[in-house]
Structures are given as C-alpha cells and as structure tokens.
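Q: Residue numbers (this note's numbering), protein chains in the order written: chain D, -4 to 119; chain U, -4 to 119; chain F, -4 to 119; chain C, -4 to 119.
There are 4 protein chains.
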Amino acid sequence: MFVHVDPAHDLAIYDQIVRQIKFAVAHGAVGVGELVPSVRELARELAINPNTVARAYLQLQNENVLETVRGLGLAVAAGADKRCRQERGKLIQARLHQVLSEARHSGLELAEIRKLIEAELSEI
Amino acid sequence: MFVHVDPAHDLAIYDQIVRQIKFAVAHGAVGVGELVPSVRELARELAINPNTVARAYLQLQNENVLETVRGLGLAVAAGADKRCRQERGKLIQARLHQVLSEARHSGLELAEIRKLIEAELSEI
Amino acid sequence: MFVHVDPAHDLAIYDQIVRQIKFAVAHGAVGVGELVPSVRELARELAINPNTVARAYLQLQNENVLETVRGLGLAVAAGADKRCRQERGKLIQARLHQVLSEARHSGLELAEIRKLIEAELSEI
Amino acid sequence: MFVHVDPAHDLAIYDQIVRQIKFAVAHGAVGVGELVPSVRELARELAINPNTVARAYLQLQNENVLETVRGLGLAVAAGADKRCRQERGKLIQARLHQVLSEARHSGLELAEIRKLIEAELSEI
DNA sequence: GTGGTCTAGACCACC
DNA sequence: GTGGTCTAGACCACG
C-alpha cells in the first residue's frame, strides 16, 4: 500500500492520509479511475479508527480528488492527477516564499541565505 | 510596543507572543536585563486575557529567555539574546531543509527548484 | 491510583502531581507507552480543577516525560523511565550536598555531623 | 556588613535577611545588645526597598531575636545567640531527616546512600 | 471520549 | 504595583 501513517507526527492522521493520497495521485501511483482501498480495509491496514479514514476520504471527495463509484467504492476522479500536481507545486512555492521571507526578515543577509540553500541542495 | 497578535492566525495566541518576544530579544529590541511589559499591561494592550500572556511568559521562563525579578516583573535573562539568535538560525535552516527535501521528493528537478528560489529571492 | 495530593502542602498542587508522576515513572508503576489517567479523570479523582492537572501534564510534556497520543490521551515517553531515575538521583545528591555544606558552614564539627547522620539512618 | 542579598535567589529577599541576621547572631558576628543597622541604612546598602528590610526586622522581633531600644534602634535580644544556635541545629537536623528519608523512599540502598554521603563529606 | 486553548475572576506572597 | 496559582466554564480539533 502507498499509505503509511505516523500517529506521533504533529500532523493529524486524517491529514497525513489526505496528503499521501494526493501525492500518490500526483505521481501516478494510482491512476485516474482506479479504486482506492475501502475505508474499512485501509483502517485495518493502518490500525487506525475507520472514522479517521472516512474523514480523509470525505475531504478528498470535497476537493474532487476522489469520487464515488456506486456499488464499487471510491475512485480517483478525472483530472485529479493534474490538479494534484499543480496544487503540490503551488504549495511548495508558497512554503518556499514563507521561509525565505522569514529568513530575510530575521536579519540574514542574502549571501548567507544563499549559502544555506546551497548547503541544503547539495545534501539532497 | 513590539508585540502584536492576530487571533485569526492558526498559531495559538500564546505562541505568537512567545515567538515575537524571542524575535525582539534576538534583535536587541529588548536588551538583556530589561523588563518586558507586565502580564496585565500586555494583556490590556493586546485585548486578551492575562492568563494567556502569563502562559506565554511561563514558557519563555522555561526556555531561559525570561527570568522573574521578584516584585518588579520579568526581565530578559543573561545570554538570552545569543540563544534566541542561534535558535532562530537553526529553525530557519530546518524549515529550509524540509521544504527543499519535499520539493525534491515531489519530483521537481534541481533546475526547476533553483528557478523558484531565484524568483522568490528577487522578490524580497 | 498512584497520585495523591495535599492542598495544604506549601508545594503547588500541579508540582505535586508532576513529582508523583515522575516518581511513578521512575519506579515503573507506569511503564513506557502506557497511558496516564486522563486530565478530566485525574481531576475528578483528586477533586481539583482540570486545568491544574492539565498544567502538570503540560510541564511533563515539556520535560519529555509524557507525550500526546492524539485522541487517546497522554502516554509515558520512550526513555522517560531512565531519565526520571537519573533526575531523581541528581536531585537527592544536590540536596544532600546543600544540607551537608550548610551544616559544615554553620560551625558543626565533622564528628557531630556524622552523629546526626547515623541517628537519622538508623531511624529509617 | 554581614548581610548580602541575591534577588535572583528563589528565597524571598526578606527571608534571606532574616536568615543571615540569625546566622550572624548564632556565630557571634553581632553580640547580644549590639545594634543592627537601621532599616534605611541597610536598605540603602543592599539597594532594596526599605519595606523589605522592615519586614525582615519585624519578623526578627516576633521571634525575639531583635528588640527595640527606644531612641536608638534595634538590638540583639538577650539569649538570642543561644536560641539561634539551637534553631540552626534543629533546622539542619530536620532537613537532613527529610533528604535521607526521601533518598530511602526513592529506592536507594543504604550502602549507596552512605557512599553519597562520604563523597560529599570528603569534598567539604 | 481525548487534549489544547482561551476567557473570567479570584486569592496569595512579594516588593 | 508585580508574578504565581487555582477555579470555573467554554469551544475547538481529533479519533
């Protein structure tokens, strides 16, 4: 399964599931039209409360990532792959913006910031 | 005053105060040994409950940023300025690391990441 | 239950709770990973305000003795047992040091101090 | 002067004064019948609030360590030296009792406690 | 059910 | 005046 969860993480469990499903959809790990695991199955697998999985799936439906296929379950919605990729890009950009602007406001010089960035990039 | 608070922000009010006091200490807006505004005064100024301010101040004491001067109030602890600056640096580095590694894991090419960074840096 | 509180004691109630939880952890009365009584339950049991219990638990989290398990409660953190035992040892040593050095400074002869100690030890 | 005060100490300032006066009396640093510094003089010397000194002196009068000498000030009361020495002895004994009993209750073996004590005694 | 946060108001010791 | 502690009761997100 492409989802794993860490109850000790500060992010809510249902949110971890949401993100990972979106991530999987963005990467094509699950294709458009494919069924995701049922609420009960995923809950059993992750050893968490089914309500938590249901909540994650509900949010994914509200964001048009998943859609119900009557009698079968939930499937990845048409266009969800593209939307997930876009969202991911925007998210990263927004976070990058926030970090860099905070770094600047906290008094670091541009040169110092560049140094930090290069150090991090070379690590990856 | 060097503290302002946004109750609509997702960060807890007491945490906003904690961060801003640390920020002020790191910048020298309040020097070592100086008194910070009293609990009641800051509460009145921010139009929040004194307990909330007290909680923020309590945490700052636990982190050795403030110390009580009995009967007078709370003062910036010795060495707090240096420690706050260091902490700030580490925090920024950690966040930068997280964002960049997430960017990399989400499939962006190094060249694309650099483009985003340059765009953000030039904005600042 | 392994916690009891004396409101007449000069030590703050929340601090009594903190110490007794640490004591229980050090002794293994509650094992690593086990849940401690919920805030509301302990408050009811001790007939005190839930906020007071919450404050004690907050401090125990800051000292890495407890950690939240979302939706379930607070559990003893990994390694907390060892840390609590160490802390207890250091505390006793520090207090012993203080008493003995005060005794010496107040003019008592070594022989007299030893007499006092033997008297106390035989009592225990 | 035989009194010095640390506002950062956790003990209340007035209590620090009380203890040090008693200590001085017990040692004979100030003899029976001798005058102690006036409230104003001591306050100026220690750079603290005169009310604080007054409170300490008040308590010392209540405990019959000092007595007023009309027109002159406060003097060490007759027999105060003996009483201070006795009190000091009892205090040390009580504290020793507390530390040793806590050490025992926290699970340390008698042999271990003795080791700690010897280590401390040899240091002094 | 759980903890986390916030408000409101009280009493205390200390300076 | 100051901070420290405690009570009472509310609302929230999470599982």
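Note that the Cβ used here is the ideal one computed from N, Cα and C, for glycine as well.
Are at least three pairs of beta-carbons, each pair with one atom in the region 34 to 51 of chain F and one in the region 82 to 93 of chain F, less than 8 Å apart?
A: No: the two stretches stay apart, fewer than three of their Cβ pairs being nearer than 8 Å.
Q: In terms of alpha-carbon separation, which member of C:L111, C:S101, C:A89, C:L103 lies closest to F:I114?
A: Ile is not the amino acid found at residue 114 of chain F; the sequence shown has Ala there. With distances taken between Cα atoms, F:A114 lies closest to C:A89.
Q: Give the list of continuous alpha helix (DSSP H) stretches no shorter than 4 residues that lie fully inside the region 5 to 91 of chain D.
A: Segments of the alpha helix (DSSP H) lying fully in the region 5 to 91 of chain D: 8 to 22, 34 to 41, 45 to 57.
Q: Would you call the CB atoms of C:I16 and C:V60 closer than 8 Å?
A: Yes.
Q: Quick check: the Cα distance between F:A70 and F:L55, rounded to an integer number of angstroms?
A: Distance between the alpha carbons of F:A70 and F:L55: 11 Å.
Q: Rounded to the nearest angstrom, what separates U:A51 and U:I12 at their Cα positions?
A: Straight-line Cα distance between these residues: approximately 6 Å.
Q: Compute the distance between the beta-carbons of C:I108 and C:L95, then report whether it is under 8 Å.
A: Cβ distance < 8 Å, so C:I108 and C:L95 count as in contact.
Q: Can you tell me whether C:L116 is helix, strand or coil according to DSSP?
A: Helix, per DSSP.
Q: Report yes or no: is there a C-beta of chain D within less than 8 Å of the C-beta of U:L91?
A: At least one chain D Cβ lies under 8 Å of U:L91.
Q: Could you tell me whether any Cβ in chain U is nearer than 8 Å to the Cβ of C:I8?
A: Yes, C:I8 counts as interfacial toward chain U.
Q: Can you pull the chain U residues whose beta carbon is under 7 Å from the beta carbon of D:E58, in chain order?
A: Correct list: empty, because the minimum Cβ distance to chain U is about 17 Å.
Q: DSSP state of U:H100, grouped into three classes?
A: The answer is helix: DSSP assigns U:H100 an H, G or I state.
Q: Along the region 20 to 45 of chain F, where does the CB come closer than 8 Å to a CB of chain D? Name the residues.
A: Cβ contacts with chain D come from no residue of the region 20 to 45 of chain F.
Q: At least one CB of chain D closer than 8 Å to the CB of U:R83: is that the case?
A: At least one chain D Cβ lies under 8 Å of U:R83.
Q: Quick check: the Cα distance between D:A106 and U:I112, rounded to an integer number of angstroms?
A: Roughly 13 Å separates the two Cα atoms.
Q: Along chain D, in chain order, which residues have C-beta atoms closer than 9 Å to that of U:G102?
A: The contacting residues are A21, H22, R80, R83.
Q: Looking at F:L30 and F:G68, is the spacing between their C-beta atoms short of 8 Å?
A: Cβ distance < 8 Å, so F:G68 and F:L30 count as in contact.
Q: Going by beta carbon distance, what residues of the same chain come within less than 7 Å of U:V120, once the five residues before and after it are set aside?
A: Residue 120 of chain U lies beyond the range of chain U shown here (-4 to 119); nothing can be said about it.
Q: Cα separation between C:D76 and C:G23?
A: C-alpha separation (whole angstroms): 7 Å.
Q: Do you know how far the Cα of U:L37 is from the Cα of U:V2?
A: Here residue 2 of chain U is Pro; the residue named in the question, Val, does not match the sequence. Their backbone Cα atoms lie some 15 Å apart in a straight line.
Q: Taking all protein chains shown into account, do 16 or more other C-beta atoms lie within 10 angstroms of the C-beta of F:G6, making it buried, or fewer, making it exposed?
A: Note that residue 6 of chain F is Leu in the sequence shown here, rather than Gly. Exposed, since its Cβ has fewer than 16 Cβ neighbours within 10 Å.
Q: Using only alpha-carbon positions, find the residue among C:R80, C:R78, C:E62 that is nearest to C:A72.
A: The residue with the shortest Cα to Cα distance from C:A72 is C:E62.
Q: Who are the neighbours of U:Q120 on chain D, taking C-beta pairs under 7 Å?
A: Lying outside -4 to 119, the shown extent of chain U, residue 120 of chain U is not represented and no answer is given.
Q: When you compare each of C:R39, C:V20, C:G26, C:G28 to C:V0 by their alpha carbons, which one comes out closest?
A: Residue C:R39 is the option with its Cα nearest to C:V0.
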